[in-house]
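Step one of this worksheet: look at the structure below.
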Amino acid sequence: MLQVSRVTIRFDDTPALDGASLTVADQSIHALMGPSGSGKSTMLRAIAGLEDPDAGEIAWDGRSVLGVPVHKRGFGLMFQDYALFPHRNVAGNVAFGLRMQREDSATIRRRVNEVLELVGLPGYGDRSVGTLSGGERQRVALARTLAPHPRLVLLDEPLGALDRSLREHLLVEMRSIFNQVDATVLYVTHDREEAFTIADRVAIIRDGRIVADDTPEDLWRRPPDGWTARFIGLENLCTASRLTELGVQPPRGTATTGVIPPEAITLSPTGSHTATVTGSHFRGGAYRVELGLGEGSTLVTWSPTGLEPDAVARFDIDTARISWFED
Ligand code: ADP
């Protein structure tokens, strides 16, 4: 188990990490998600041993790893640019970590073939890396990271350079590979879909602090605050007074904002609320519908069929699915 406790790292007196804490459980995939500049890479570099904390503790199974050099932490690293060695063939790249561990050549050969099989590149050992596609290079980089059996796999935007359809495909495949080898993984990304697709839990980092850490489903259902709700892509943030106008009573006196997940809004000819359709756009599979409530405020929901602009739509709200917070 990885435990990062209250870690602070400053660059020129400005904290990149500001008392950040994070626990990654064994055999789990944990995403670390935040906007650009929020401290994600700094966190990963500190865990890897490439950056020394000014304060705080980083431990594996209760033992501090601070002061332990990068190659002795037993962590595997994979970055966006893969950094494959261009003059070595695929096998030579995958064998790199095993050679550093001074494994014998028969063990190295066996393990290289095993991981190439695992990442879907059996028989690729003799290929030159220059002849590979982007997706294949990414798999080689993954094989190289996994070959020495790292106790923790650290990935920094590993799919950032690939196009969308390939990214989606590889994400699902990576998740299955990690599960097959019972890997413990910390996956850094700024992309919500990537984090939600691959991770068992998602930690959200903002200005060097972890502000939320939950399963993707619970983050979506119960975001802790408005910033997190917006960052993960929830749209229907409404003031308590707007919701009161819609007949929804805030549950306690201090809640100022409620967020209605789009799936809690059902369009229905007998719905108890009315709105004007201000937008209806096909997004593949369903239409994203905007419902104008007046004074510029809108709610967003999804519909299997398109709606006419300016039509009056009726809808119901499943009020039990609204999450509330002070914002
Ligand atoms: P992210 O990975 O979320 O984009 P980073 O961890 O790279 O964020 O950076 C967090 C903050 O720390 C940023 O403001 C960045 O400019 C600053 N920073 C990161 N590394 C250095 C460095 N080596 N020297 C000075 N400032 C840095």
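In the numbering used here, the protein residues as written are 44 to 370. Note that CB positions come from ideal geometry on N, CA and C, so glycine has one too. Note that the coordinates shown come from a computational prediction; the quantities given were computed from them, not determined experimentally.
CA-to-CA distance, residue 326 to residue 347, given in whole angstroms = Whole-angstrom Cα-Cα distance: 10 Å.
key: Distance cut 6 Å, beta-carbon to the ligand ADP heavy atom: residue list by chain order   = Selection output, chain order preserved: 54, 59, 77, 79, 80, 81, 82, 83, 84, 85.
task = Return yes when the Cβ of residue 96 is within less than 8 Å of the Cβ of residue 89, no when it is not.
result = Cβ atoms of residue 89 and residue 96: closer than 8 Å.
query = Start and end of the beta strand (DSSP E) containing residue 52?
reply = Residue 52 -> beta strand (DSSP E) spans 45-54.
query = From this set, 130, 74, 312, 265, which residue's C-alpha is nearest residue 198's C-alpha?
reply = Nearest in C-alpha terms to residue 198, of all of 130, 74, 312, 265, is 74.
message = Can you give me the C-alpha to C-alpha distance between residue 59 and residue 48, rounded to a whole angstrom?
response = Taking C-alpha positions only, residue 59 is separated from residue 48 by approximately 15 Å.
Status (buried if at least 16 other CB within 10 Å, exposed otherwise) for residue 115 = Flag for residue 115 reads exposed.
task = With a threshold of 16 other CB atoms inside 10 Å of the CB of residue 81, please say whether the residue is buried or exposed.
result = Burial check for residue 81: the Cβ neighbour count within 10 Å reaches 16 or more, so the residue is buried.
task = Leaving out five residues on either side along the sequence, give the residues of the same chain with a beta carbon under 7 Å from the beta carbon of residue 64.
result = Exclusion of the five residues before and after residue 64 leaves 47, 48, 49, 253 as the residues of its chain whose Cβ lies within less than 7 Å of its Cβ.
Among 142, 141, 154, 367, the one whose alpha carbon lies nearest that of residue 287 = It is 367 whose Cα lies nearest to the Cα of residue 287.
ask   = What distance in whole Å lies between the Cβ atoms of residue 276 and residue 235, which are believed to be in contact at a cut-off of 8 Å?
value = Yes, they are in contact, since the Cβ atoms of residue 235 and residue 276 sit about 5 Å apart, within 8 Å.
key: With 16 other Cβ atoms within 10 Å as the buried cut-off, status of residue 338   = Residue 338 comes out exposed.
ask   = When the Cα atoms are used, what is the spatial distance from residue 129 to residue 172?
value = Spanning the two alpha carbons is a distance of roughly 6 Å.
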